[in-house]
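Engineer: This is the structure, below, for whatever I ask next.
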Amino acid sequence: MNYPTFACTPAEPVTECKYGGLNEEQLAAAKVWSEYWIDNAFRQTPMTWEEFQELPERIAGLYRSGDLEVPEVVLCESPFGCVQAMDQNGYDATKWSDTYQGGNMWSAVESYVTYFRHVLNLTIPEHEKYDDWEWLAQHGGGFRMMLEKHCFISNYPTKILRELHCDDGPTHEWSDGFAIWHINDIAVDEQIVMNPESQTIEQINKEENADVRTIRIERFGWSRYLEVSDAKEIDFRDNDVEGTKEALYATDQGRRFVVTCPTGKVPTMGVPDEVTTCEEAQRWLQGDKPFNLITRT
Amino acid sequence: MKIAELVQHSEDILAGKASIQPGQPTEFTPAMDYNDGIAQGDLNLILVEKVPKGYVKQSPKQKKLVPGQTEGARHFLMRLTGVEIFVHPDWNLDDYDGQNGPVLVVTKTVTIEHPTHGNVTIHPTRTVECRYQREWDAEQKRERRNAD
Numbered sequence: 001m002n003y004p005t006f007a008c009t010p011a012e013p014v015t016e017c018k019y020g021g022l023n024e025e026q027l028a029a030a031k032v033w034s035e036y037w038i039d040n041a042f043r044q045t046p047m048t049w050e051e052f053q054e055l056p057e058r059i060a061g062l063y064r065s066g067d068l069e070v071p072e073v074v075l076c077e078s079p080f081g082c083v084q085a086m087d088q089n090g091y092d093a094t095k096w097s098d099t100y101q102g103g104n105m106w107s108a109v110e111s112y113v114t115y116f117r118h119v120l121n122l123t124i125p126e127h128e129k130y131d132d133w134e135w136l137a138q139h140g141g142g143f144r145m146m147l148e149k150h151c152f153i154s155n156y157p158t159k160i161l162r163e164l165h166c167d168d169g170p171t172h173e174w175s176d177g178f179a180i181w182h183i184n185d186i187a188v189d190e191q192i193v194m195n196p197e198s199q200t201i202e203q204i205n206k207e208e209n210a211d212v213r214t215i216r217i218e219r220f221g222w223s224r225y226l227e228v229s230d231a232k233e234i235d236f237r238d239n240d241v242e243g244t245k246e247a248l249y250a251t252d253q254g255r256r257f258v259v260t261c262p263t264g265k266v267p268t269m270g271v272p273d274e275v276t277t278c279e280e281a282q283r284w285l286q287g288d289k290p291f292n293l294i295t296r297t
Numbered sequence: 298m299k300i301a302e303l304v305q306h307s308e309d310i311l312a313g314k315a316s317i318q319p320g321q322p323t324e325f326t327p328a329m330d331y332n333d334g335i336a337q338g339d340l341n342l343i344l345v346e347k348v349p350k351g352y353v354k355q356s357p358k359q360k361k362l363v364p365g366q367t368e369g370a371r372h373f374l375m376r377l378t379g380v381e382i383f384v385h386p387d388w389n390l391d392d393y394d395g396q397n398g399p400v401l402v403v404t405k406t407v408t409i410e411h412p413t414h415g416n417v418t419i420h421p422t423r424t425v426e427c428r429y430q431r432e433w434d435a436e437q438k439r440e441r442r443n444a445d
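Going line by line, the protein sequences match chains S and Y.
Note that this note's numbering numbers the first sequence so that position 244 is 244, with each residue one more than the last.
Note that this note's numbering numbers the second sequence so that position 55 is 352, with each residue one more than the last.
Spelled out as structure tokens, the structure:
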């Protein structure tokens, strides 16, 4: 493990935890340490031959530490490949989430544990069993499915962005083509990113996640959505108090109140059919206890 | 169709050509009175005289003010010192779907932040109630669930 080294690391092992803050040197080391682990989490190069050779013994160590029999270790190209391998080997692939560990994708936790271990030189008996886990977090790929007779391990992604947003491609991609897509931190599907115009009104209206529905409509195009959905404009106003514009539409899915927002988004909200003006829509959204809205941000 | 006007207005906001701007911070001013409110996205923050009856002191205190994992739910207190938090007995961060959010009794200036909306600052000795915007879609869903 090619860890950075620090002058502030005590020469003698620290064997018990004490209360107290970190000094400036230790805080500076923590920043370097966290960057090391962030880089580890965003690795985009495949497992090396040396790492691959050491992998089975490290996985065996994990199973042994839990008094379990050593499984067959299979390296897959992606997390999806692991799930497929579960299915092909007789496991219930729908239960993949009950069996997985994160590997380098869980670097956040490892950055803390290893900081205490290696920078502050905390030495406790539990670290002995932690060795294999720690190695796997850095060299043993990403997600892994820990099963009775098999351990299916995903290789590293070929692409992983540090922001969960990409307008024209996936944010995560593996060598077998499996990919994950995000817009503004929200997980979406490929169609929404690459072919939003191909969505149907049914797809949009059936979307249960409010964030995803807003993204669907934004990428589909608001004008087109209200046009294609045969929406009828009922009311419109300039909201001078909030500095926004508002419109109320009747659609097949009921009434929709559309507003501009200081974030630059155009959110849409459902309101009951009894609502006939934008002002009433605002009052309804306030609920049972009306108040004087002074400003919005 | 007025929707085009709304879309144009949102583009103007992003381009800095509108009277409102993304991420503009705001605060409760001394001139504001009880029942005056500031909306940080869909979180309404309303000045109240006192903590409503039946609310209980939150312990340990939590920075997150809105249940849920969506971006819209990321309203956080910047710090927990100088603020006492009281919650409705049914309130929780996992699956609470009512409108009654935490009530903040502020003794030291505190700020509520959000990734896309502007910060809202509350000065001492204000008491501010968080109220969640009513959701028709959620109410419809609840009705459907009750009818099953």
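For every residue, glycine included, the Cβ atom is placed at its ideal position computed from N, Cα and C.
Just to check my reading of the structure: L303(S) and D185(S) have Cβ atoms closer than 8 Å, yes? What is that Cβ distance to the nearest angstrom?
Structural biologist: Residue coverage of chain S in this structure runs from 1 to 297, which leaves residue 303(S) outside it and unanswerable.
Engineer: Using a cut-off of 9 Å between C-beta atoms, extract the partners of I186(S) located in chain Y.
Structural biologist: T367 and E368
Engineer: Verify whether the separation of the beta carbon atoms of E357(S) and K149(S) is less than 8 Å.
Structural biologist: Only positions 1 to 297 of chain S appear in the structure, and residue 357(S) is not among them; the question remains open.
Engineer: In or out: T200(S) buried (at least 16 other Cβ within 10 Å) or exposed?
Structural biologist: exposed
Engineer: With a cut-off of 8 Å on the beta carbons, I'd call S78(S) and S154(S) a contact; round off their distance for me.
Structural biologist: 6 Å
Engineer: Does S316(Y) pass the burial test, meaning 16 or more other C-beta atoms within 10 Å, or should it be called exposed?
Structural biologist: Residue burial annotation: S316(Y) is exposed, with fewer than 16 other C-beta atoms found within 10 angstroms of its C-beta.
Engineer: Return yes when the Cβ of P262(S) is within less than 8 Å of the Cβ of R296(S), no when it is not.
Structural biologist: yes
Engineer: Counting only the same chain and skipping the five closest in sequence on each side, list residues whose C-beta sits under 7 Å from that of H182(S).
Structural biologist: L164, H165, C166, T171 and V188
Engineer: Could you work out which residues of chain Y lie near Q203(S), taking near to mean beta carbons separated by less than 9 Å?
Structural biologist: Correct list: empty, because the minimum Cβ distance to chain Y is about 16 Å.
Engineer: With 8 Å as the threshold, decide whether the Cβ of L390(Y) is near any Cβ in chain S.
Structural biologist: no
Engineer: Leaving out five residues on either side along the sequence, give the residues of the same chain with a beta carbon under 7 Å from the beta carbon of D238(S).
Structural biologist: Counting only Cβ-Cβ distances below 7 Å, and skipping sequence neighbours, we find K245.
Engineer: Strictly below 9 Å CB to CB, what residues from chain Y border W133(S)?
Structural biologist: Going along chain Y, no residue has its Cβ under 9 Å from W133(S), so there is no contact; the nearest lies around 27 Å.
Engineer: Can you tell me the Cα-Cα spacing of G365(Y) and T413(Y), whole angstroms?
Structural biologist: 16 Å
Engineer: Quick one: complete beta strand (DSSP E) runs, 3+ long, within the segment 22-71 of chain S?
Structural biologist: none
Engineer: With distances taken from CA atoms, which of Q44(S), F6(S), E16(S) and T45(S) is nearest K31(S)?
Structural biologist: Of the listed residues, the one whose Cα sits closest to K31(S) is F6(S).
Engineer: Can you tell me which residues form a DSSP beta bridge with F257(S)?
Structural biologist: L248(S) and M269(S)
Engineer: By Cβ distance, which residues of its chain are closer than 6 Å to E426(Y), with the 5 residues on each side in sequence left out?
Structural biologist: These residues qualify, in order along the chain: I343, V345 and V400.
Engineer: Within the continuous alpha helix (DSSP H) that includes M86(S), where are the two ends?
Structural biologist: Residues P79 to Q88.
Engineer: I need the boundaries of the alpha helix (DSSP H) containing L303(Y), first residue and last residue.
Structural biologist: Element bounds for L303(Y): I300 to L311.
Engineer: Name the residue from Q138(S), K95(S), P290(S) and T251(S) whose alpha carbon lies nearest to the alpha carbon of T114(S).
Structural biologist: Q138(S)
Engineer: With 8 Å as the threshold, decide whether the Cβ of G270(S) is near any Cβ in chain Y.
Structural biologist: yes
Engineer: Rounding to the nearest angstrom, what Cα-Cα distance links W37(S) and E202(S) in this structure?
Structural biologist: If I take the Cα positions, the gap works out to 43 Å.
Engineer: List, in order along the chain, the chain S residues whose C-beta lies closer than 7 Å to that of I343(Y)?
Structural biologist: F291
Engineer: From M145(S) to Q84(S), what distance separates their C-alpha atoms?
Structural biologist: It is roughly 11 Å from the alpha-carbon of M145(S) to the alpha-carbon of Q84(S).
Engineer: Verify the CB distance criterion: does P319(Y) have a CB-CB separation below 8 Å to chain S?
Structural biologist: yes
Engineer: Check the Cβ of K265(S) against every Cβ in chain Y and list those closer than 7 Å, keeping chain order.
Structural biologist: S307
Engineer: Under a three-way DSSP split, which group does L285(S) fall into?
Structural biologist: In this structure, L285(S) counts as helix in the three-state DSSP scheme.
Engineer: With 8 Å set as the bound, which would you pick, yes or no: does the beta-carbon of I294(S) sit closer than that to a beta-carbon of chain Y?
Structural biologist: yes
Engineer: Name, please, each residue of chain S whose Cβ falls closer than 7 Å to the Cβ of T406(Y).
Structural biologist: By Cβ distance, chain S contributes nothing, its closest Cβ being about 17 Å from T406(Y), past 7 Å.
Engineer: In chain order, what residues of the same chain have a beta carbon less than 7 Å from the beta carbon of E69(S), not counting five sequence neighbours either side?
Structural biologist: Y63
Engineer: Report the option in F143(S), G243(S) and N2(S) whose CA atom is closest to the CA atom of T99(S).
Structural biologist: F143(S)
Engineer: G243(S) versus chain Y: which residues are under 8 Å apart at the beta carbon?
Structural biologist: A315, S316 and I317
Engineer: Please identify the residue among W222(S), P56(S), T9(S) and R58(S) whose C-alpha is closest to the C-alpha of P196(S).
Structural biologist: W222(S)
Engineer: If you reduce the DSSP assignment to three classes, tell me which class H414(Y) lands in.
Structural biologist: The answer is coil: DSSP assigns H414(Y) none of H, G, I, E or B.
Engineer: Of the choices G351(Y), L362(Y), V380(Y) and G379(Y), whose alpha-carbon is the least far from that of F373(Y)?
Structural biologist: Proximity to F373(Y) across G351(Y), L362(Y), V380(Y) and G379(Y) peaks at L362(Y), based on C-alpha coordinates.
Engineer: Which residue from M194(S), P13(S) and W106(S) puts its Cα closest to that of H118(S)?
Structural biologist: P13(S)
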